[in-house]
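Notes follow the structure.
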Amino acid sequence: MTYLTALDLLQSPGALELGQVASDEHGATVDAVLMSLTITAGDRTAYTADEIARADAALVRIARLIADVGELIDGYLVGRYPQPLNPVPGILRAWATDIFRFRLHANLQDGDRSPVSVRYRDAIKSLGLVRDGKLSLGGADPIATSSEGGVRISAPERVFTHDTLADY
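Numbering-wise (the working numbering), the sequence shown opens with residue 1 and increments by one.
What follows is the structure, encoded as C-alpha cells:
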C-alpha cells in the first residue's frame, strides 16, 4: 500500500533534497525547481532534454523507494490491520517519510548519529510496537475506533435460572 506520495515528499524533505540525493551519484544533481516540476507534472520546457532525463530518472528512483517503504510498513501491519488502510493515519505518513529519507540517504557519512538515522530507528521501533499492539495509530486507528467502548460478553444461555430451580 502507498503510505506516501512524491507530492508528500515535496513538503518534507523538499525538492532540493530530493533533487540532490535521488540523482544518479555519478551525474549532476537535479535542480530543485526541475525536480518539483517533474513531480507535479509542470512545464519543463525551459530545461534541456538531458536535464529532464536526469529528473525523470530521479523520479523513478523515488517511486521505487516509495513502493519499498510501503511494502516494509505492510510487513509490520498486515497481521494486525485490514489492508488497505483508508484513510492512511498521519503518523504512518510521517514514519514512511522517515524511512524513505533513510533509504534515500544510503551513503550517510554520519552513520548512527545523523538525525536521519535516528528518525529511521524510531520509526521502525514504533512500527514494531504497533505490530505488537503496544502502540496505537492515534485517532485514525481502525482497531481503536471500531469498538464502541463497552465490554461485550458472549456466552451460552444459562442452564440454571430462577424458573428452572423453582421446584427445589
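All residues carry an ideal CB built from backbone N, CA and C; glycine is no exception.
Residue i CB to nearest heavy atom of the ligand PLP below 6 Å
{"i": "residue 156", "result": "The ligand PLP is not part of the structure shown, which contains no ligands of any sort."}
Same chain, Cβ closer than 8 Å to residue i, neighbours up to 5 away in sequence not counted
{"i": "residue 5", "result": "66"}
{"i": "residue 40", "result": "7 and 10"}
{"i": "residue 74", "result": "1 and 83"}
Residue i, DSSP secondary structure in three states
{"i": "residue 76", "result": "helix"}
{"i": "residue 88", "result": "coil"}
{"i": "residue 147", "result": "Caution applies to residue 147, whose pLDDT of 48 falls short of 50 and renders its modelled position unreliable; the value that the coordinates give is listed next. Coil, per DSSP."}
{"i": "residue 69", "result": "helix"}
{"i": "residue 97", "result": "helix"}
{"i": "residue 165", "result": "coil"}
{"i": "residue 157", "result": "coil"}
{"i": "residue 59", "result": "helix"}
{"i": "residue 139", "result": "helix"}
Endpoints, alpha helix (DSSP H) assigned at residue i
{"i": "residue 125", "result": "115 to 131"}
{"i": "residue 38", "result": "32 to 40"}
{"i": "residue 10", "result": "6 to 11"}
{"i": "residue 20", "result": "15 to 21"}
Beta carbon proximity, residue i to chain D, threshold 7 Å
{"i": "residue 3", "result": "Structure shown: chain D not included; a single protein chain is present."}
6 Å Cβ shell around residue i - same chain, five flanking residues per side excluded
{"i": "residue 98", "result": "119, 120 and 123"}
{"i": "residue 30", "result": "19, 23, 54, 55 and 58"}
{"i": "residue 76", "result": "127 and 131"}
{"i": "residue 61", "result": "22"}
Close-in-space but distant-in-sequence residues of the same chain around residue i (CB under 7 Å, 5 per side omitted)
{"i": "residue 116", "result": "101, 102, 105 and 108"}
{"i": "residue 89", "result": "137, 138, 140 and 141"}
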